[in-house]
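**Q** Start counting the sequence shown at 1; every next residue gets the next number (my numbering). My structure is below; once you've seen it, I'll send some questions.
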Amino acid sequence: MKIDFDGLQAFVTVAELGAFNKAADKLNITQAALTRRIQKLENYLGLRLIERTTRHVALSSVGKDLLPRVRILVQDMASTFNQLKDVSRSAKGHFTLACVPTMATSVLPALIRQYRDKYPGNRIKLVDASAYEIREAIFSQHAEIGLTVQGTRHPDLEEVPLFDDPLMFYCRQSHALSEKPFVTWSDMNLKDLIVVSSFTGTRIVMNYQLAKKGIELQGNYEVQHHATALNLVAADVGCAIMPATICGDGDRPGVIRIPLKSPVVRRKIVLIKRKGSSLSPAAQAFVDIVQSMKLVWHQ
Numbered sequence: 001m002k003i004d005f006d007g008l009q010a011f012v013t014v015a016e017l018g019a020f021n022k023a024a025d026k027l028n029i030t031q032a033a034l035t036r037r038i039q040k041l042e043n044y045l046g047l048r049l050i051e052r053t054t055r056h057v058a059l060s061s062v063g064k065d066l067l068p069r070v071r072i073l074v075q076d077m078a079s080t081f082n083q084l085k086d087v088s089r090s091a092k093g094h095f096t097l098a099c100v101p102t103m104a105t106s107v108l109p110a111l112i113r114q115y116r117d118k119y120p121g122n123r124i125k126l127v128d129a130s131a132y133e134i135r136e137a138i139f140s141q142h143a144e145i146g147l148t149v150q151g152t153r154h155p156d157l158e159e160v161p162l163f164d165d166p167l168m169f170y171c172r173q174s175h176a177l178s179e180k181p182f183v184t185w186s187d188m189n190l191k192d193l194i195v196v197s198s199f200t201g202t203r204i205v206m207n208y209q210l211a212k213k214g215i216e217l218q219g220n221y222e223v224q225h226h227a228t229a230l231n232l233v234a235a236d237v238g239c240a241i242m243p244a245t246i247c248g249d250g251d252r253p254g255v256i257r258i259p260l261k262s263p264v265v266r267r268k269i270v271l272i273k274r275k276g277s278s279l280s281p282a283a284q285a286f287v288d289i290v291q292s293m294k295l296v297w298h299q
């Protein structure tokens, strides 16, 4: 059943004001348009609701019986629409964000703090997953947006580039390469090198860019997560190649990071969503904060 809200609103307004011209003015439409709305409603119901003469307007007996219920219905619908508008304007609500773990431990906390301060009543469900799993979450609509490493472009995804995240050499201060201003890929001793799994977005990007230079990298230790690699470096097990966002200077006592060159390898961090989809107000508000932070990240 299709509810004719315009017709119901027109009926209530005419009944309350007792005149078509006054009702048309209040609804900001012409009298002809108002008449059409009333006639359409009456035709749909198969009932005469308003008796109109050249001198006055009066409700039929059926119209009088219906008016109290229709008035409540119109008021409830108007209130609901106003609440929905408030949600849109104030970005109230909740959303699901899929994020690679490296962002969850670096960039994301600052974003969430800003979002929390601006929208304290909102809730974020955070799914930390691999780049592949994030894509699947977006496609299946288990997440509205994803913060991830750029991979192969997909025609059904929209990407917002955020910043470049260079790979760096992490080691203990006692390491043989710790005094160098930068490290080349040929400098590294593969025997004590810790690398992340070849299934991670970071490793895929690294292998692809190194292959173009004829470089193949294999370490003695392979881990699934960057956090594990960082802990092993801190424990003096070896050195590791990880993104700059993993750990800031001085964040881990005894651990330093050194720029990698020849070549410089960067992964691109992007925000993704389904192409053509409309985000909820709560999710769009988060995207707006991310967009505003791009200027800071690029400095």
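For every residue, glycine included, the Cβ atom is placed at its ideal position computed from N, Cα and C. Just so you know, these numbers come straight off a predicted model, no measurement behind them.
Give the single residue among 226, 127 and 156 whose Cα lies nearest to the Cα of residue 142.
**A** By 1-based counting over the sequence shown, the position of residue 142 is 142. When only C-alpha atoms are compared, the closest one is 127.
**Q** Would you say the segment 167-175 touches the segment 270-279, given that touching needs at least three Cβ pairs under 8 Å?
**A** Result no; under three Cβ-Cβ pairs closer than 8 Å.
**Q** At what residues does the beta strand (DSSP E) containing residue 146 begin and finish?
**A** Taking the sequence shown and counting its residues from 1, the one referred to as residue 146 is at position 146. That run of the beta strand (DSSP E) goes 145-149.
**Q** Helix, strand or coil for residue 152, going by three-state DSSP, please let me know.
**A** The residue given as residue 152 occupies position 152 in the sequence shown. Correct three-state label for residue 152: coil.
**Q** Could you check the C-alpha separation between residue 239 and residue 193 for me, to the nearest Å?
**A** Sequence index remark: in the sequence shown, residue 239 carries index 239 (1-based). Sequence index remark: in the sequence shown, residue 193 carries index 193 (1-based). Computed Cα separation, rounded: 5 Å.
**Q** Might you give, ordered along the chain, the residues of its own chain that have their beta carbon closer than 6 Å to the beta carbon of residue 16, omitting 5 neighbours on each side?
**A** Counting from 1 along the sequence shown, the entry for residue 16 is found at position 16. If we look at residue 16 and ignore the five residues flanking it on each side, it has no Cβ neighbours.
**Q** Examine the Cβ distances between the segment 183-191 and the segment 152-165 and report whether three or more of them are shorter than 8 Å.
**A** No, the segment 183-191 is not in contact with the segment 152-165.
**Q** Taking the beta strand (DSSP E) that residue 168 belongs to, which residues open and close that run?
**A** Locating residue 168 in the sequence shown gives position 168, where the first residue counts as 1. Where residue 168 is concerned, the enclosing beta strand (DSSP E) stretches over 157-172.
**Q** Alpha carbon to alpha carbon, what distance is there between residue 12 and residue 116?
**A** The sequence position of residue 116 within the sequence shown is 116, counting from 1. The sequence position of residue 12 within the sequence shown is 12, counting from 1. Approximately 43 Å between the Cα atoms of the pair.
**Q** Is residue 236 helix, strand or coil by DSSP?
**A** Taking the first residue of the sequence shown as position 1, residue 236 is located at position 236. Of the three classes helix, strand and coil, the one that applies to residue 236 here is coil, per DSSP.
**Q** I need the boundaries of the alpha helix (DSSP H) containing residue 134, first residue and last residue.
**A** Looking up residue 134 in the sequence shown gives position 134. Where residue 134 is concerned, the enclosing alpha helix (DSSP H) stretches over 131-139.
**Q** May I ask which residues mark the beginning and end of the beta strand (DSSP E) holding residue 95?
**A** Here residue 95 corresponds to residue number 95 of the sequence shown, with the count starting at 1. Where residue 95 is concerned, the enclosing beta strand (DSSP E) stretches over 94-99.
**Q** Quick one, which of 108, 62, 228 and 132 has its alpha-carbon nearest residue 315's?
**A** Nothing can be reported for residue 315, as the shown portion of the chain is limited to 1 through 299.
**Q** Let me check understanding here. Comparing Cα to Cα, which of 259, 284, 243 and 285 lies closest to residue 105?
**A** In the sequence shown, counting from the first residue as 1, residue 105 sits at position 105. That would be 243, whose Cα lies nearest to the Cα of residue 105.
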